[in-house]
Amino acid sequence: DVKVTQSSRYLVKRTGEKVFLECVQDMDHENMFWYRQDPGLGLRLIYFSYDVKMKEKGDIPEGYSVSREKKERFSLILESASTNQTSMYLCASSPAAGPYNEQFFGPGTRLTVL
Amino acid sequence: GNSVTQMEGPVTLSEEAFLTINCTYTATGYPSLFWYVQYPGEGLQLLLKATKADDKGSNKGFEATYRKETTSFHLEKGSVQVSDSAVYFCALSPNFNKFYFGSGTKLNVKP
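Chains as they are written, first to last, in my numbering: chain A, 99 to 212; chain B, 407 to 517.
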């Protein structure tokens, strides 16, 4: 059974803390993605990666960075967490190439910044 | 540019009612179209997809037809169940690997 796992389901942090959200996939997918999900706004792409050590900005990268040192792992970093980063964060992966691929999602991490 | 617009929710139906959730899109080229479903407390999972015009995707009694002339991909089900209560997302993927999602439509099915 294919799987995308995220390190935490729920996380509470304080303003100014550095936060790491980890995502691991076991499907040998080339592509990995980080989204945030907010009510009424749907999913918004933060960053994505097509290969190890490769990253590209999505639609809302400000305040975030990412790291992809190994193919199976894609980390989202909040350098200095702020209250407006309270959200649900979803990781996804997909195989490379072609417009017909689907994305496989993890269960999400609900982050609260106090 | 690429974008997806879907009807606002929530949609509340009684069990065995007919469901339609509207989805229209704007895209460059010829995208693939998807419906994803998110059950409470879970991530998104693929419900169905269509890769070219006039294709019909179907799964678990849900159907959607890729209509290029109206740039639409409406989701339908003939008889909903309480277990179908979830948030439904329409999405498109053009000729590369990025996906564009709609804002989601929450469906509540009452017994």
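The C-beta atom is built at its ideal place from N, Cα and C for all residues, glycine as well.
According to DSSP, residue i sits in a beta bridge with which residue or residues?
i, result
"residue 120 of chain A", "A:173"
"residue 129 of chain A", "A:192"
"residue 463 of chain B", "B:470"
"residue 450 of chain B", "B:444"
"residue 134 of chain A", "A:142 and A:187"
"residue 433 of chain B", "Per DSSP, none; premise fails for residue 433 of chain B."
"residue 456 of chain B", "B:439"
"residue 514 of chain B", "B:418"
"residue 208 of chain A", "A:108 and A:186"
"residue 506 of chain B", "B:498"
"residue 154 of chain A", "A:146"
Give me the Cβ distance between residue i and residue j, rounded to the nearest whole Å; I'm assuming they're in contact under 8 Å.
i, j, result
"residue 206 of chain A", "residue 187 of chain A", "7 Å"
"residue 156 of chain A", "residue 144 of chain A", "5 Å"
"residue 111 of chain A", "residue 209 of chain A", "7 Å"
"residue 492 of chain B", "residue 513 of chain B", "6 Å"
"residue 140 of chain A", "residue 510 of chain B", "5 Å"
"residue 419 of chain B", "residue 515 of chain B", "5 Å"
"residue 193 of chain A", "residue 128 of chain A", "6 Å"
Measuring alpha carbon to alpha carbon, tell me which residue in the options is nearest residue i.
i, options, result
"residue 414 of chain B", "A:107, A:200 and A:138", "A:138"
"residue 455 of chain B", "B:516, B:421, B:419 and B:466", "B:466"
"residue 173 of chain A", "A:111, A:182, A:203 and A:117", "A:117"
"residue 425 of chain B", "B:458, B:485 and B:511", "B:485"
"residue 494 of chain B", "B:463, B:459, B:442 and B:474", "B:442"
"residue 189 of chain A", "A:169, A:112, A:110 and A:146", "A:146"
"residue 204 of chain A", "A:152, A:122 and A:108", "A:122"
"residue 212 of chain A", "A:128, A:182 and A:132", "A:182"
"residue 575 of chain B", "B:516, B:459, B:490 and B:481", "Nothing in the structure corresponds to residue 575 of chain B, since chain B is present only between 407 and 517."
"residue 408 of chain B", "B:471, B:507 and B:416", "B:507"
"residue 433 of chain B", "B:489, B:445 and B:474", "B:474"
"residue 165 of chain A", "A:114, A:202, A:132 and A:194", "A:132"
"residue 439 of chain B", "B:482, B:478, B:419 and B:515", "B:478"
"residue 177 of chain A", "A:104, A:108 and A:119", "A:119"
"residue 180 of chain A", "A:125, A:113, A:108 and A:107", "A:113"
"residue 163 of chain A", "A:126, A:152 and A:170", "A:152"
Report buried or exposed for residue i, applying the criterion of at least 16 other Cβ atoms within 10 angstroms of its Cβ.
i, result
"residue 135 of chain A", "buried"
"residue 504 of chain B", "buried"
"residue 201 of chain A", "buried"
"residue 103 of chain A", "exposed"
"residue 470 of chain B", "buried"
"residue 125 of chain A", "exposed"
"residue 447 of chain B", "exposed"
"residue 185 of chain A", "buried"
"residue 487 of chain B", "exposed"
"residue 191 of chain A", "buried"
How is residue i classed by DSSP in three states: helix, strand or coil?
i, result
"residue 181 of chain A", "helix"
"residue 486 of chain B", "coil"
"residue 494 of chain B", "strand"
"residue 475 of chain B", "coil"
"residue 112 of chain A", "coil"
"residue 424 of chain B", "coil"
"residue 104 of chain A", "strand"
"residue 200 of chain A", "coil"
"residue 160 of chain A", "coil"
Exercise for the section: Check each residue of the stretch 443 to 462 of chain B: if its Cβ is closer than 9 Å to any Cβ of chain D, include it; give the result in chain order. Expected result: The structure shown contains no chain D; its protein chains are A and B.
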